[in-house]
Amino acid sequence: MTRPTPTPPAAEPDGRIDAQLWWLCGVLVLGAVTTLLDGTIVNVAIDALSHEFDSTIDTIQWTVTGYLLALSIVVPLSGWAMERFGAKRMWLAAQALFLIGSVLSGIAWSVESLVLFRVVQGLGGGMVMPMAQAMLARAAGPGRLGRVMAVVSVPAMLAPIIGPVIGGVFVDELNWRWIFFVNIPIGLAAIVLAWIKLPADRPAKDARLDLLGLLLLSPGLALLLYGAAESGSEGFTGNGSLPYTVAGVLLLTGFATHALRTTRTPLIDLRLLKDRGYSAAVLTQFALNSAVFGAMFLLPLYFQMDRGDTVLQAGLMLAPQGVGYVIAMAVVGKATDKMGPGVLALAGVVVTLLGTLPFALIDQNSDQGLLAAAMVARGIGVGVVTLPSLAAAYRSLAPAAMPRASSAMNIFQRLGGSVGTAVVAVVLQNAVTAGKADGAPLAESFSASFWWVFAFTALTLLPVLFLPRAVPAAPAAAAGRDASAKEPATA
-1 MTRPTPTPPA AEPDGRIDAQ LWWLCGVLVL GAVTTLLDGT IVNVAIDALS
49 HEFDSTIDTI QWTVTGYLLA LSIVVPLSGW AMERFGAKRM WLAAQALFLI
99 GSVLSGIAWS VESLVLFRVV QGLGGGMVMP MAQAMLARAA GPGRLGRVMA
149 VVSVPAMLAP IIGPVIGGVF VDELNWRWIF FVNIPIGLAA IVLAWIKLPA
199 DRPAKDARLD LLGLLLLSPG LALLLYGAAE SGSEGFTGNG SLPYTVAGVL
249 LLTGFATHAL RTTRTPLIDL RLLKDRGYSA AVLTQFALNS AVFGAMFLLP
299 LYFQMDRGDT VLQAGLMLAP QGVGYVIAMA VVGKATDKMG PGVLALAGVV
349 VTLLGTLPFA LIDQNSDQGL LAAAMVARGI GVGVVTLPSL AAAYRSLAPA
399 AMPRASSAMN IFQRLGGSVG TAVVAVVLQN AVTAGKADGA PLAESFSASF
449 WWVFAFTALT LLPVLFLPRA VPAAPAAAAG RDASAKEPAT A
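Numbering (this note's numbering), first residue to last: -1 to 489.
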């Protein structure tokens, strides 16, 4: 089949990142910032929205759930869409759709309209990050991939940290509508810069959509994530959540069978998982995101419910983790291009475990300075795991495999985050209920929940052990590596 032909920045002879690649990183990261922030910034406005629309919390919560479900549905399409219509064209279209959804959300007149417009946001925003990762992986090449992934990973890590802070400021000082209107100037700037700076590529007009795969995968992911969200309030075996979870698992099993047997290019090519570096990186990201998003669910609640902080204060207490991540980004990006990702990621897991332990041991008298230091350690550890594992995922794949590989990676990341959040929500709910009956301090309930975060982090050790311990050689004639990338030609 005819593949899209990107025009990447020319590789520097000494591995330096040239100005054109820096522009590419900057434009794509700018576009990703707002889509990632919207996954967390709305959380702090739930109470204000419930009063604005005279609605219950359960109903208003769909402004968050609907957005996440839309993200999960559209991510599998991003790989095919990049091939069929071209990366630049689709990235601009996704940004425009997200911007339209932001404007409509800001002028919403009812809870129903807000949920609908949040879905529009999610349909656009869900394609932005996987497309950005794929374009950067193609343009950077193996020798510069670690440093480039360090840049593109920043908004993904900082969004859960600064989102609640920004949301708290807007809700307290301005109006809830500004949590959506803030996307307008940033989105417009990203679209204009992308139109000028993103390299043109030639779409593959004969790229076919795996329709059966789409009908199995997207609803399967949506049902599984919805079941996970409902389990947070009903438990994993609740009558309301279990049918959705089971249906999602069945549809995803059907997709896996279809993807492995089809003679055409599937929506998500599971045969890419035969590549050891890629499969180890995918599982690492799944387990790590379970720990990261599980903790990000617990930490604001702990600071507000147990320590009595305001929403803004709780958001600010998350900042040390962002500082730790920035430290990791400054050091590990370059080191990833010179050292084996397995060695770095293993060290990162150990540091993350050490940073999580003080929260698992919290009590009523826990020192706030110690917890802040632990947050810095968690940020460093998560960064040291994330950057090498993402670089390892794409180094051994052919450029033609990048769009679908990036889509699959994003799906596993979202699933990991959803699973981690659902599990700790159930654990915390049960612990609080039991603690009230026994008269136990609230801190004990959070301690029990953080032990699960510790367990998710420890689970990350297993796939990390299979990451490459040495820097892989650049694939010779990468375009001819379809066999090793396990991507069959489309009929």
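C-beta: ideal position from N, C-alpha, C; glycine also.
Query	Result
Report the CB separation of Val380 from Val290 in whole angstroms; it is logged as a contact under 8 Å.	6 Å
Which residues in the same chain have their Cβ closer than 6 Å to the Cβ of Val430, if we skip the five residues on either side of it in sequence?	Ser443
Along the chain, which unbroken stretches of the alpha helix (DSSP H) at least 4 residues long are found entirely within the stretch 90 to 136?	none
Go ahead and label Arg467 buried or exposed: buried means 16 or more other beta carbons lie within 10 angstroms of its beta carbon, across all protein chains shown.	exposed
Given the structure, does Ala345 come close to the ligand FMN, in the sense that its CB is under 7 Å from one of the ligand's heavy atoms?	No copy of the ligand FMN appears in this structure; indeed no ligand is present at all.
Would Leu490 and Thr33 be called neighbours here (beta carbons separated by less than 8 Å)?	Summary: the structure shown does not reach residue 490, with the chain confined to residues -1 through 489, and so no result is reported for it.
Grab the span of the alpha helix (DSSP H) containing Asn363 for me, first residue to last.	Taken as a continuous stretch (DSSP letters only), Asn363 belongs to no alpha helix (DSSP H), as it is neither H nor E.
Measuring CA to CA, which of Met127, Ala94, Leu286, Met80 is closest to Ile189?	Ala94
Only counting runs of 3 or more residues, tell me where the beta strand (DSSP E) segments fall wholly within the stretch 388 to 465, in order along the chain.	none
State the DSSP-derived secondary structure class of Leu223, mapped to helix, strand or coil.	helix
As a quick exercise: from Ser100, Met129, Leu299, Ala130, pick the residue whose alpha carbon is nearest that of Val117.	Ser100
Could you give the distance in angstroms between the alpha-carbon of Gly124 and the alpha-carbon of Ser76?	8 Å
Figure out for me which residue from Ala130, Arg412, Arg206 has the closest Cα to the Cα of Ala85.	Ala130
Determine, using beta carbons only, whether Ala245 comes closer than 8 Å to chain C.	Reference to chain C is not applicable here, since this structure consists of a single protein chain.
Compute the distance between the beta-carbons of Leu219 and Ser404, then report whether it is under 8 Å.	no
For the stretch 446 to 465 against the stretch 352 to 367, are there 3 or more C-beta pairs whose distance is under 8 Å?	yes
Throw me the rounded Cβ distance for the Leu395 and Leu270 pair, which I believe falls under 8 Å.	7 Å
Just curious, the alpha helix (DSSP H) that Val309 is in, first and last residue?	309 to 315
Using a Cβ-Cβ cut-off of 6 Å (strictly less than) and excluding sequence neighbours within five positions of Pro439, which residues of its own chain qualify?	Gln362
Are Gly24 and Ile160 close, meaning C-beta to C-beta below 8 Å?	no
Tell me which same chain residues have a C-beta within less than 7 Å of the C-beta of Ala370, skipping the five on either side of it?	Pro318
When the distance is taken between beta carbons, is Val462 closer than 8 Å to Ala326?	no
Give, in chain order, every unbroken run of the alpha helix (DSSP H) that is at least 4 residues long and sits entirely within the stretch 57 to 87.	60 to 83
Please go through the same chain and pick out, in chain order, the residues whose beta-carbon is closer than 6 Å to the beta-carbon of Gly165, but skip the five residues on each side of it.	Ile39, Val42, Ala43, Ile177
On the DSSP letters alone, give me the boundaries of the alpha helix (DSSP H) that Ile189 sits inside.	181 to 195
Output the distance between the C-alpha atoms of Val374 and Gly346, rounded to the nearest integer angstrom.	13 Å
Any idea if Glu171 is buried or exposed, counting beta-carbon neighbours within 10 angstroms, 16 or more meaning buried?	exposed
Find out if the Cβ-Cβ distance for the pair Val73, Ile409 is shorter than 8 Å.	yes
Using the Cα positions of Asp208 and Trp78, report the straight-line distance between them to the nearest angstrom.	9 Å
Expressed to the nearest angstrom, what Euclidean distance is found between the alpha-carbon atoms of Leu248 and Ser239?	15 Å
For the alpha helix (DSSP H) that Met294 lies in, which residues bound it at each end?	274 to 299
Spatial neighbours of Ile58 within its chain, please: CB distance less than 8 Å, with the 5 preceding and 5 following residues excluded, ordered by chain position.	Ile44, Leu47, Ser48, Phe51, Val109
Should Asp199 be labelled buried (16 or more other beta-carbon atoms within 10 Å of its own) or exposed?	buried
Count the other CB atoms within 10 Å of the CB of Arg501; is the residue buried (16 or more) or exposed (fewer)?	No information on residue 501 is available, as it lies outside the stretch -1 to 489 that the chain covers here.
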